Amino acid sequence: MKTIEIIGYRRANLGKTDSQKIREEGNVPCVLYGGNDQIHFYSPVILFRDLVYTNEAHFVHLNIEGEECQAIMQEIQFHPVSEIILHVDFLRITDARKIKMDIPVRLVGQAPGVAKGGALVRKRASLKIYGFAKDMPDHVDVDCSSLDFHHAVKVGDMKMANLEFLDPKMAAIASVEVPRAAKLAEEAPAATPAAGAAAAPAAGAAAPAADAKKAEAPKKDEKKK
341 MKTIEIIGYR RANLGKTDSQ KIREEGNVPC VLYGGNDQIH FYSPVILFRD LVYTNEAHFV
401 HLNIEGEECQ AIMQEIQFHP VSEIILHVDF LRITDARKIK MDIPVRLVGQ APGVAKGGAL
461 VRKRASLKIY GFAKDMPDHV DVDCSSLDFH HAVKVGDMKM ANLEFLDPKM AAIASVEVPR
521 AAKLAEEAPA ATPAAGAAAA PAAGAAAPAA DAKKAEAPKK DEKKK
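The working numbering numbers the first residue of the sequence shown as 341 and each following residue consecutively.
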């Protein structure tokens with residue numbers, strides 16, 4: 341897995357007011373967990389671009405005023421409207437300790453259901469994986485080459501050496517679904533016979549009425565005689 345370096349500076353003060361000031365200056369308040377003490381620091385927001393806005397997972401090499409360590413981004417908070425990064429939590433890692441990471445998913449392979457007109461739908465953008473740091477992948481490839489209509493690849497189908505998938509085993513990762521337009525097309529022929537059946541009695545009802553008029557005609561002629 342690739343590593344991104346982030347340089348940080350220790351915070352002299354804590355609190356909402358100080359955090360707001362840090363953000364206004366173009367930085368992100370952060371916390372490093374996993375050691376003997378928590379370290380509160382801040383880093384320039386531009387350094388998070390390749391870590392956050394990507395479809396791959398990364399390790400982080402933190403350099404906080406000369407104190408260096410390996411870490412992973414454990415949690416990130418965004419502003420609900422502007423989507424500005426509000427806060428980031430990091431977790432210190434070692435080679436001897438297992439970790440949990442959200443690893444992005446990539447869908448690979450041509451699904452037969454798609455060739456028939458179906459749509460390949462991604463159900464999960466990432467998977468939660470447990471294992472040693474050395475075994476963690478940049479991303480997880482999910483093979484969709486056997487998916488037909490209404491079939492799905494589930495978490496329980498995934499196997500990777502030395503890694504454990506923590507999401508529910510029955511949870512779908514990707515599936516092939518029939519588009520709504522195709523569903524309507526399938527239902528339309530079934531409605532046609534019903535319409536024809538309704539029309540038949542109407543035509544049958546008209547015939548007796550015509551016969552009745554023919555029956556009345558001779559009666560009129562008899563009166564003339």
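Heads up, the beta-carbon is just placed ideally off N, CA and C, and yes, glycines get one too. The structure displayed is predicted, hence computed values, not measured ones.
Beta strand (DSSP E) segment containing residue i, residue limits
i    : result
L506 : Per DSSP, L506 belongs to no beta strand (DSSP E) and is neither H nor E.
R350 : T343 to R350
Q450 : Here Q450 belongs to no beta strand (DSSP E), and DSSP marks it neither H nor E.
D483 : V480 to D483
E423 : Run containing E423: none; DSSP gives neither H nor E here.
K361 : Taken as a continuous stretch (DSSP letters only), K361 belongs to no beta strand (DSSP E), being part of the alpha helix (DSSP H) at K356 to E364.
Q410 : E407 to F418
I379 : I379 to P384
K456 : That residue, K456, is in no beta strand (DSSP E); it is neither H nor E in DSSP.
S515 : A512 to E517
V493 : A492 to K494
F399 : F399 to I404
P369 : N367 to Y373
Test item: CB-CB of residue i and residue j under 7 Å
i    : j    : result
N395 : P444 : yes
I425 : I412 : no
L431 : G375 : no
V400 : I346 : yes
L503 : G458 : no
A514 : L447 : yes
I379 : P369 : no
K494 : A512 : yes
F489 : V516 : yes
D478 : M341 : yes
D390 : Q414 : no
Buried versus exposed, by CB contacts within 10 Å (16 or more), residue i
i    : result
Y382 : buried
F418 : exposed
L372 : buried
S359 : buried
M476 : buried
A436 : exposed
N367 : buried
V421 : exposed
I469 : buried
G355 : exposed
G348 : buried
M566 : The chain is shown only over 341 to 565; residue 566 falls outside these bounds and no answer can be derived.
A538 : At A538 the pLDDT is 49, less than 50, meaning the model places this residue with poor confidence and gives no usable figure here.
First through last residue of the alpha helix (DSSP H) which encompasses residue i
i    : result
L467 : Note, L467: premise wrong, no alpha helix (DSSP H); beta strand (DSSP E) at S466 to F472.
R389 : R389 to V392
message: For the stretch 408–419 against the stretch 458–465, do three or more pairs of beta-carbon atoms, one drawn from each stretch, fall closer than 8 Å, so that the two count as touching?
response: Contact fails: fewer than three Cβ-Cβ distances are below 8 Å.
Discussion item. Measuring CB atoms only, is the stretch 480–492 touching the stretch 445–460, in the sense that at least three cross pairs come out at less than 8 Å?
Written reply: yes
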